[in-house]
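The sequence shown begins at 1 in the numbering used here and counts up by one. Everything below concerns the one structure shown next.
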Amino acid sequence: MDPTLPLLTTLTDRSATGVALAIGRLISTGTLAPGDKLPSIRAVADELGLSPTTVSESWRILQGHGAIETEGRRGTFVRGPRQGAAPGRYWQVPVDPGTFATDLSTGTPDPQLLPPLGPILSQVTLDLPVTSYLDAPVLPELGANLRMSWPFEPELLTIVDGAQDGLDRLVQALVNVGDCVVVNEPAFPPLLDMFDQAGARVIGVSMDDEGCCPESLSAALAEDPVVFFLQPRAHNPTGITMTKRRAKQLASLLETTTLTVVEDDHSADVSGADLASLGQFLPERVVHIRSFSKSHGPDLRLAAVGGAAAPIDTMVRRRRLGPSWSSRLLQQVLLNMLHDPETCAAIDRAQDEYLRRRRSLVEALAARDIAVGGDAGLNLWVPVIDEQNALVVLAANGFGASPGEPFSVAQGTGSPHIRVSIGAVDDGIDELADVIARAATTPRNGPRS
Ligand SMILES: Cc1ncc(COP(=O)(O)O)c(C=O)c1O
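Here you go:
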């Protein structure tokens, strides 16, 4: 008999999480060493009288957490000390810079549409000395400015190094191995990678043109999730914006639960759509993230996180052990930009231009019988017959785009799409629409000759 099996017979929690935690303990106490082979799923299931599905779910949890790895037919092994993260979905999205004449694979803003930083930088002076590493992490004037324009009264507000940093810190603060998390689907690939690394069980909530579907959220809530992540507007990749009516419906479903809601407003001031926030209904349970990357500049690396005190406080306290705060010099730059009329005008112009580009391409595709939904943001979620063949056709014409697969919660389950970002599309819309239409209709067995 496999020597690990007797060690598991004292198990009290017989759920997938319980089995995962028991194996995790055997690993962390050194009873199981790196390189040790685990018994087969079938052997564990037989020995413990559990279903193979439960055991396989625990293996998945441990794998997501980086504690074990499966090497095909050789079996499953305890992993060595943590190395760099395994390549996840995120790395499948962007193409190598310079590969294509026009790269539409990244959701980054058009550098030509960012407000100029030069005049702002020349005015920046920071009179606040750093007196302690425990100083307040937010410049008081910036905090006051953001509170005034927040979609609801935040109990706590802090600044982090971009929305993605905020998501990462919140996942670490809120999600434990085996926890169930809910996310709008399609989902932001790095966020799915973060869930995998946290060892979470992930449930996708489907979307229609008003946002997350209430029926789908309601089914997900039955799994007792700890947190619900959503993008309230200009959803990446679909461009869908949650309506006020939908926000109200979702809030009434969430009212009877205790889960935390995290809203990622990643395009904020250049979204091109009004914001409806669940925080307007459930302020004590919503954490709202506002990024300044696409509007003010990705290199500021700044986002604000405001809302429910408990999760934000956990995140801020944990951060004290690391970098403590985001550069207050950059916070001062942001504050000056928020006050500067020319910067505000440049951001308004950028928002209009992104909307124009998006609408022109959507209309040009509609004229070619390709229906693309959503109404805002930098991305188009284009239905295709075959993702890889569509990407090949685009590449042959000098365009790079992203495969849709990394945006699926469960790999291989989404309908085929590609994501086309419009940051780099300032003209040539008709020519681009011709190529996308050809790419989208290329059949599974390859480009037509
Ligand atoms: C959904 C979503 N969240 C977060 C980010 C990253 O934002 P930031 O640059 O503020 O880290 C992006 C970037 O495109 C995004 O699409």
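Ideal Cβ positions, reconstructed from N, Cα and C, are used throughout, including at glycine.
Residue span of the alpha helix (DSSP H) that contains residue i, given as start and end
i      : result
THR260 : Note, THR260: premise wrong, no alpha helix (DSSP H); beta strand (DSSP E) at 260-265.
SER149 : 140-149
HIS296 : 293-296
PHE195 : 189-198
ASN445 : Element bounds for ASN445: n/a, residue is neither H nor E.
ARG301 : Counting along the chain, ARG301 falls outside any alpha helix (DSSP H), and DSSP gives it neither H nor E.
THR54  : 52-64
ARG169 : 163-174
ARG285 : Run containing ARG285: none; DSSP gives neither H nor E here.
VAL393 : 387-396
LEU7   : 4-8
SER252 : 244-254
THR17  : 16-28
ILE240 : No alpha helix (DSSP H) contains ILE240, which DSSP labels as neither H nor E.
GLY118 : 118-123
Beta-bridge pairing of residue i - partner residues as DSSP gives them
i      : result
LYS37  : PHE77
THR158 : VAL305
CYS180 : ARG201
GLU69  : PHE77
GLY400 : ASP103
MET207 : CYS212
Residue i, enclosing beta strand (DSSP E) - first and last residue
i      : result
CYS213 : First-last for CYS213: undefined, no H or E at that position.
GLY279 : Here GLY279 belongs to no beta strand (DSSP E), and DSSP marks it neither H nor E.
PRO383 : 379-383
SER360 : That residue, SER360, is in no beta strand (DSSP E); its alpha helix (DSSP H) goes 341-366.
SER415 : Neither: SER415 is in no beta strand (DSSP E) and is coded neither H nor E.
LEU114 : Note, LEU114: premise wrong, no beta strand (DSSP E); not H, not E.
LEU230 : 227-230
Nearest neighbour of residue i, chosen from the options [CA to CA]
i      : options                        : result
VAL177 : LEU300, LEU21, LEU217, SER28   : LEU21
THR102 : GLU431, ASN445, PRO443, ARG444 : GLU431
THR76  : VAL372, GLN123, VAL55          : VAL55
SER218 : GLN231, GLY204, PRO323, GLU210 : GLY204
ALA33  : LEU146, ARG438, ILE23          : ILE23
ILE27  : ASP313, TYR354, LEU8, LEU355   : LEU8
GLY64  : PHE228, VAL182, ALA200         : ALA200
GLY72  : LEU38, THR99, GLN92            : LEU38
ARG14  : GLY35, GLU57, ASP36, GLY412    : GLU57
GLN332 : LEU275, ASN184, VAL44, LEU142  : LEU142
LEU174 : ALA220, ARG89, ARG318          : ARG318
GLY414 : ALA395, ASP427, ASP386         : ASP386
CYS212 : ALA198, GLU263, SER421         : GLU263
SER295 : ALA350, ALA67, ALA251          : ALA350
LEU50  : VAL78, ALA16, PHE100, ILE61    : ALA16
ASP427 : GLN411, ALA364, LEU391         : ALA364
ASP352 : ARG285, ALA273, GLY322         : ALA273
GLY423 : GLU342, ARG358, ASP208, LEU5   : ARG358
ALA198 : PRO189, GLU215, ASP179         : ASP179
PRO330 : MET315, THR343, ALA303, GLY322 : Residue identity differs from the one stated: residue 330 is Leu in this sequence, not Pro. Of the candidates MET315, THR343, ALA303, GLY322, the one whose C-alpha sits nearest the C-alpha of LEU330 is ALA303.
TYR133 : GLY374, ALA345, SER326         : SER326
SER122 : ALA345, MET337, LEU192         : MET337
PRO311 : LEU191, LEU167, ALA433, GLY374 : LEU167
GLY456 : LYS248, THR343, MET1, VAL435   : Coverage of the chain is limited to positions 1 through 449, which leaves residue 456 absent and any answer about it impossible.
GLY98  : THR70, ASN145, PHE399, HIS235  : PHE399
LEU62  : ARG25, ARG74, MET148           : ARG25
SER324 : MET207, ALA136, ARG74, ARG79   : ALA136
LEU191 : TYR90, ARG147, ALA144          : TYR90
VAL202 : ALA410, ILE370, MET1           : ALA410
Supposed contact pair residue j and residue i - C-beta distance, whole angstroms, cut 8 Å
i      : j      : result
LEU259 : VAL287 : The Cβ separation is near 11 Å, so there is no contact.
VAL372 : VAL382 : 6 Å
PRO115 : ILE289 : So it is not a contact: roughly 21 Å between Cβ atoms.
LEU159 : VAL138 : Just to set this straight, residue 159 is Ile in the shown sequence, not Leu. Between VAL138 and ILE159 the Cβ distance is about 5 Å, and since that is below 8 Å, they are a contact.
PHE152 : GLN280 : 5 Å
SER40  : SER402 : Between SER402 and SER40 the Cβ distance is about 37 Å, and since that is not below 8 Å, they are no contact.
GLY306 : LEU156 : 7 Å
LEU128 : ARG328 : 6 Å
THR442 : ASN389 : 4 Å
ARG245 : GLU210 : 7 Å
LEU282 : LEU253 : At roughly 11 Å, the Cβ-Cβ gap does not stay under 8 Å, so LEU282 and LEU253 are not in contact.
THR238 : ALA276 : At roughly 16 Å, the Cβ-Cβ gap does not stay under 8 Å, so THR238 and ALA276 are not in contact.
PHE228 : VAL171 : In fact, because the Cβ distance is near 13 Å, the residues do not count as touching under 8 Å.
SER421 : ASN379 : 5 Å
ARG233 : SER293 : About 15 Å separates the two Cβ atoms, so there is no contact after all.
* Asked: ligand 1: which residues have Cβ under 5 Å from any of its heavy atoms, chain order?
  -> Summarising the contact set, residues whose Cβ lies nearer than 5 Å to any heavy atom of ligand 1 are, in chain order, GLY107, GLY162, ALA163, GLN164, PHE188, ASN236, ASP264, HIS266, SER291, SER293, ALA303.
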